[in-house]
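So the sequence shown is residues 1 to 323, counted in the UniProt record's numbering.
No residue lacks a Cβ here, since even glycine has one placed at the ideal position from N, Cα and C.
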Amino acid sequence: MPFELTHPLPVESAHQLSERLTGLRRYLMLALGAICFGSVVPAGKLVADAFPVLVASCLREVPAALILAPLVIRERRALLGLDRAGWVKILTVAALGLYGFGVLLFFGLKLTSGVVGSVVRSSSPAATAIASCAVLGEALGWRRLGAIGLAILGILAIQLGGGTEGGGGRMPVLGTGLLVLAVGCGALNTVAAKSVSMQVKPGAALGLAAIVAVGLATPAAIVAGLSSSESISPGPAGWAALAWVGLALPIGALCWFNGLSRVAASTAAGFQGLIPASALVLSYVILGEPFRWAHPVGLTIVLGGVLLIGWDDARCRMAEQDD
């Protein structure tokens, strides 16, 4: 008897598979973006030691502005159609999320170590979740709060295990304070970018913000370069680090905001735990900072938070489909 398919697969199963793959792509984009952002910390330490801070803060925005300029031109009508609130968000991303973050990051890393910078970035999930709740009114369920808590606990485990030792720094307390302010700028950047990405394509918004950031940074960079008593001789390693910082940010931002535009900002907060974890791992490779066994323990806890928050988001989407 020839084989007959008496119970064909329902169309819904293919649709559900497509939805799951789409959800996996969202999480992959957020993870790749977070790792790119994390790599900026050890590379930024090399840049801060090789360049005047204001000069480096300007130069790091140039690659993003050049790479994304064609997208800005293509989406110019949508960008010109932004209302006043949209332009305020673009300026917020440019002034605080890009330029302000870069200045504070480089000054902070100049005064402390790359590992300390990685640990301070552990406050990013909490800062973003609080900002998204306060500004966007997003609800925080117990799973998301638990995931954010795991991200923070993972980095605390790294810190208690001696992860902040090594790398040196002239004024670690002041440097840490500046890095905390940089984290605050990053949280506002995430919230503003999440909001403006509902009106225009994320890449176009980021490109315009990068162009504006270059305009804001250029005058200060010229003055700093002309008046600096430091000898600007970074060498190949310094230029390579600066090039990577310039490329990692637009690449990471494109991945991050493409994922962010399809999930809640508080969901993205859990994935931000990958930023300090990847920064710590790369600090071993790039900066040669010492290894501690607490580091993989902390990394495992952080990844547990990422899985928890992804699970919660998947449950919410399945509930919406059932309704």
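DSSP-derived helix/strand/coil call for residue i
i                 : result
methionine 29     : helix
lysine 45         : helix
lysine 89         : helix
alanine 139       : coil
arginine 77       : helix
valine 101        : The question names valine, yet the displayed sequence has phenylalanine at residue 101. Three-state result, phenylalanine 101: helix.
proline 276       : helix
leucine 282       : helix
threonine 112     : coil
phenylalanine 106 : helix
serine 200        : Per the sequence shown, the amino acid found at residue 200 is valine instead of serine. Coil, per DSSP.
phenylalanine 51  : coil
serine 227        : helix
phenylalanine 291 : coil
serine 233        : coil
arginine 84       : helix
arginine 144      : helix
arginine 121      : helix
Rounded separation between residue i and residue j - CA only
i                 : j              : result
alanine 279       : glutamine 199  : 32 angstroms
leucine 208       : leucine 140    : 31 angstroms
leucine 66        : valine 297     : 40 angstroms
leucine 79        : cysteine 185   : 23 angstroms
alanine 94        : tryptophan 87  : 10 angstroms
glycine 117       : serine 283     : 10 angstroms
alanine 34        : glycine 149    : 18 angstroms
alanine 129       : isoleucine 222 : 37 angstroms
leucine 307       : leucine 30     : 13 angstroms
alanine 127       : alanine 187    : 6 angstroms
methionine 171    : glycine 238    : 22 angstroms
cysteine 133      : glycine 146    : 15 angstroms
phenylalanine 101 : serine 39      : 15 angstroms
leucine 274       : leucine 32     : 9 angstroms
valine 183        : leucine 109    : 13 angstroms
residue 324       : valine 285     : Absent from the model: residue 324. The displayed extent of the chain is 1 to 323, so no value can be given.
leucine 160       : glycine 304    : 19 angstroms
arginine 144      : threonine 176  : 27 angstroms
isoleucine 73     : glycine 203    : 11 angstroms
Close Cβ partners of residue i (< 6 angstroms) along its chain, the five nearest in sequence each way excluded
i           : result
lysine 201  : Glu75
valine 103  : Ser57
valine 55   : Ala221, Ala224 and Gly225
alanine 241 : Ala43, Leu46 and Val47
Identity of the residue in the options nearest residue i by Cα
i                 : options                           : result
isoleucine 301    : Pro236, Ile90, Val115 and Leu153  : Leu153
leucine 181       : Leu105, Leu249, Val245 and Leu136 : Leu105
proline 77        : Ala205, Val40, Ile130 and Arg60   : The sequence shown places arginine at residue 77, rather than the proline named in the question. Checked all of Ala205, Val40, Ile130 and Arg60; the closest Cα to arginine 77 is Ala205.
residue 324       : Leu32, Val135, Thr218 and Lys110  : Missing from the structure shown is residue 324; the chain here goes from 1 to 323 and no further.
residue 324       : Leu287, Leu179, Trp293 and Leu303 : The shown model of the chain, from 1 to 323, leaves out residue 324, and the question about it has no answer.
arginine 26       : Gly273, Ala294 and Leu260         : Leu260
cysteine 36       : Val120, Phe291 and Ala277         : Ala277
leucine 82        : Lys110, Val53, Gly175 and Val196  : Val196
glutamine 272     : Asp49, Thr112 and Val120          : Val120
proline 234       : Val72, Ala253 and Ala50           : Ala50
cysteine 255      : Ala243, Ser227, Ala193 and Ala294 : Ala193
leucine 174       : Val53, Ala157 and Leu111          : Leu111
leucine 28        : Gly252, Trp244, Glu138 and Val115 : Gly252
leucine 91        : Val281, Ala294, Leu249 and Ile211 : Ile211
alanine 294       : Val281, Phe257 and Leu178         : Val281
phenylalanine 107 : Leu179, Val72, Ser227 and Leu249  : Leu179
proline 290       : Gly114, Ser124, Asn189 and Pro236 : Gly114
Cut-off 8 angstroms between Cβ atoms - residues of its own chain near residue i, not counting five sequence neighbours on either side
i           : result
leucine 216 : Ala94, Ala95 and Tyr99
glycine 246 : Leu59, Arg60, Glu61, Val62, Pro63 and Ala64
leucine 9   : Legend: pLDDT at leucine 9 = 47, less than 50; position of this residue unreliable, value from coordinates given subsequently. Answer for leucine 9: no residue qualifies.
alanine 69  : Gly207 and Ile211
serine 227  : none
alanine 243 : Pro63
7 angstroms CB neighbourhood of residue i in its chain, flanking five on each side removed
i              : result
valine 135     : Val191
alanine 213    : Glu61, Ala94, Leu98 and Tyr99
leucine 299    : Gly154 and Ala277
asparagine 189 : Val93, Leu96, Gly97 and Phe101
lysine 89      : Ala192, Ser195 and Val196
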